[in-house]
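**Q** Got a structure for you, written out below as structure tokens; questions coming shortly.
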Amino acid sequence: MKTIFHIDINHCYAQIEEMMHPELRRVPMAVGGHEEKRQGIILAKNDLCKKYHILTGESLMEARKKCPDLLIIPPHYADYIYYTNEVKDIYRQYSDHVESFGLDEAWIDYTDSARLFGKGEKTAREIQDRVLKEIGLTVSVGISWNKVFAKLGSDMKKSSGMTVITKENYHELVWPLPVGDLLYVGPATNYKLHERGILTIGELAAYPVEYLKNLMGVSGEMIHAFANGEDPSEVQETGYSSAVKSVGNSMTMIHDVDSLEELKPVCYVLCEAVASRLRDHGMEGDVISVSLRTAGLNWVSAQHKLSQKTCISTEIMEAMMSIAGTYDFSSALRAVGVSVGHLSPIGTEKQLNFFVDEKKRDRALKMDSVMDEIRNKYGFYSVRRVCTIMDEPLTDFNVKADHIVHPTGYFQGRKMGL
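What follows is the structure, given as structure tokens:
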């Protein structure tokens with residue numbers, strides 16, 4: 005039987021800030037975005053925020069209502085990347101299968117390492133002690149025979165906690181938990197399950213899998229298997245990088261917009277960033293997804309499939325405007341996002357479309373590439389579309405550079421069709 009660790013750096017960004025600046029441990033503190041640009045959400049918070057019920061992913065405005073004295077620290081991603089890599093270097097001394105899950109989490113396949121280092125619990129405690137002594141951070145550990153239950157275990161006891169989930173005790177430890185705690189059960193799936201009276205992981209495990217498959221397709225089968233402790237996925241070898249499945253960007257606007265014309269320049273900046281990132285990855289896609297967040301904090305989303313895969317900003321923009329144009333703006337918009345999915349490498353063989361002007365597409369791609377070269381050499385603002393300077397405060401952001409890390413699940417939610 006496998007022995008798999010899941011290790012989580014507790015409230016990672018906030019803890020790293022506290023480690024670098026110990027005085028922050030004495031006040032309610034959170035790491036958040038730019039308040040003045042309204043790109044302000046809680047990325048992480050320290051333990052003193054618990055009594056105020058401050059949540060990761062909520063706006064800074066909402067958090068300040070709960071705690072007027074809340075200290076907001078801007079994110080320092082370079083520091084977070086450095087220290088989380090230092091932590092994972094310790095993990096890699098115990099196994100050659102260490103798979104990152106974001107900056108702050110990782111799975112470790114310890115199965116074969118037990119012959120060198122001894123029992124799993126002993127080694128996991130040793131790793132915790134070393135991370136605290138050598139780096140100054142606390143981590144929580146889950147140990148199980150599969151990745152899903154190992155992750156559940158690391159969530160159960162924070163601040164240097166450890167939970168071992170076995171085939172003998174998982175009915176007692178796992179099944180009473182809320183179904184939303186299970187990996188890949190996001191808010192939308194959680195809502196569907198609750199509508200059918202499935203509130204706990206145990207109830208999901210006992211629910212007829214045929215009904216779940218009819219309701220959610222393959223994902224219904226997958227989460228049913230997870231609830232029953234069936235997860236055959238391997239911990240990837242150190243250095244493995246999963247294939248990019250989609251590329252997207254989003255932003256909270258500095259002021260609400262109440263018309264498609266006002267939204268248009270923001271969409272251009274987003275589409276240019278997404279197209280540029282696609283080209284950086286050497287990928288193109290044909291599924292364009294658009295998300296709009298209203299001033300009432302409701303998410304509205306829809307997607308459109310193109311006839312050909314693309315990494316051209318104008319084609320992504322055309323699809324985005326087509327989708328956004330179906331919104332009636334009865335409620336002003338606060339945030340907007342776009343992503344391109346169903347990706348494949350640029351140049352993959354494809355069926356030509358007689359109704360598409362390939363010469364025009366080539367010119368558009370060359371224009372995008374030239375803009376990339378200019379911006380890489382002289383800076384992002386060295387070349388801009390005219391429409392994006394009509395309301396500079398609204399479009400004064402380098403979304404490609406600024407949106408490096410997002411909290412898991414922030415852009416998920418109950419979705420409503422456009």
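Quick note on numbering: the sequence shown equals residues 5 to 422 in my numbering. All C-beta atoms in this analysis are idealised placements derived from N, C-alpha and C, irrespective of residue type, glycine included. Predicted model only: the values in this text are computed from it and were never measured.
1) Determine, using beta carbons only, whether Tyr95 and Ile131 come nearer to each other than 8 Å.
2) Taking one C-beta from the segment 133-153 and one from the segment 167-181 each time, how about it: are there three or more such pairs within less than 8 Å?
3) Between Ser317 and Cys271, what straight-line distance do the alpha-carbon atoms span, to the nearest angstrom?
4) Tell me, which residues are paired with Gly146 by DSSP?
5) With a CB to CB cut of under 8 Å and the five nearest residues on each side skipped, what residues in its chain are close to Asp185?
6) So Met23 is in the alpha helix (DSSP H); what residue range does that whole segment cover?
7) Looking at the secondary structure, which residues open and close the beta strand (DSSP E) in which Gly252 lies?
8) In chain order, which alpha helix (DSSP H) runs of at least 4 residues are fully inside the segment 268-306?
9) If we ignore side chains and look at the alpha-carbon of each, how far apart do Lys69 and Tyr56 end up?
10) Can you pull the DSSP bridge partners for Leu75?
11) Between Arg338 and the ligand COA, is the CB less than 7 Å from at least one heavy atom?
12) Would you call Asn14 buried or exposed, if buried means 16 or more other Cβ atoms sit within 10 Å of its Cβ?
13) What would DSSP say about Pro182, mapped onto helix, strand or coil?
14) Out of Ser144, Pro26, Leu282, which one is the CA nearest neighbour of Ser163?
15) Just to confirm the assignment: which complete alpha helix (DSSP H) runs, minimum length 4, are found wholly within the segment 105-129?
16) Count the other CB atoms within 10 Å of the CB of Met420; is the residue buried (16 or more) or exposed (fewer)?
17) Taking the alpha carbon of Ala277 as the reference point, which residue from Ile258, Asp361, Thr242, Val251 has its own alpha carbon closest?
18) For Ile45, write down the residues that DSSP places opposite it in a beta bridge.
19) Between which two residues does the beta strand (DSSP E) containing His228 stretch?
20) What did DSSP end up calling His175 once you bin it into helix, strand or coil?
21) According to the neighbour-count rule (16 or more other Cβ atoms, all chains shown, within 10 Å of its Cβ), is Arg200 buried or exposed?
22) How close, in whole Å, do the beta carbons of Asp262 and Phe333 come, if the pair is a contact with beta carbons under 8 Å?
23) Please determine if the segment 309-328 and the segment 367-378 are in contact, where contact requires at least 3 C-beta pairs separated by less than 8 Å.
24) Would you give the residue range spanned by the beta strand (DSSP E) that Pro212 belongs to?
25) With distance defined between alpha-carbon atoms, name the residue in Glu103, Ser99, Leu107, Arg134 nearest to Arg447.
26) Mapping DSSP to helix, strand and coil, what is Glu234?
**A** Per the coordinate set shown:
1) With contacts defined as CB atoms closer than 8 Å, Tyr95 and Ile131 qualify as a contacting pair.
2) Verdict: yes, contact present.
3) Distance between the alpha carbons of Ser317 and Cys271: 10 Å.
4) Looking at the DSSP output, Gly146 shares a beta bridge with His10, Thr167.
5) Same-chain partners within the cutoff: Leu156, Asp159, Ile205.
6) DSSP places Met23 in the uninterrupted alpha helix (DSSP H) bounded by 16-24.
7) 250-261 is the extent of the beta strand (DSSP E) around Gly252.
8) At a cut-off of 4 residues, not a single continuous stretch assigned as alpha helix (DSSP H) sits fully inside the segment 268-306.
9) It is roughly 10 Å from the alpha-carbon of Lys69 to the alpha-carbon of Tyr56.
10) Beta-bridge pairing links Leu75 to Met33.
11) Annotation note on the ligand COA: not contained in the displayed structure, which lists no ligands.
12) Sixteen is the threshold: when 16 or more other Cβ atoms of the shown chains lie within 10 Å of the Cβ of Asn14, as they do, the residue is buried.
13) Three-state DSSP puts Pro182 in a strand.
14) Ranking the options by Cα distance to Ser163, first place goes to Ser144.
15) As far as the segment 105-129 is concerned, its whole alpha helix (DSSP H) runs of at least 4 residues are 118-121.
16) Here Met420 scores only 32 on pLDDT, less than 50, and its place in the model should not be relied on; the value that follows carries that caveat. Met420 sits exposed, since fewer than 16 C-beta atoms from the chains shown fall within 10 Å of its C-beta.
17) When only C-alpha atoms are compared, the closest one is Val251.
18) Beta-bridge annotation (DSSP): Ile45 is paired with Ser63.
19) Per DSSP, His228 belongs to no beta strand (DSSP E); it is in the alpha helix (DSSP H), 222-231.
20) His175: helix per DSSP, three-state reduction.
21) Flag for Arg200 reads exposed.
22) With 8 Å as the limit, Asp262 and Phe333 qualify as a contact, their Cβ atoms being about 5 Å apart.
23) Touching, per the Cβ criterion.
24) Careful: Pro212 lies outside any beta strand (DSSP E) and carries neither H nor E.
25) Residue 447 lies beyond the stretch modelled for the chain, which goes from 5 to 422, so this question has no answer here.
26) Here Glu234 sits in coil by DSSP.
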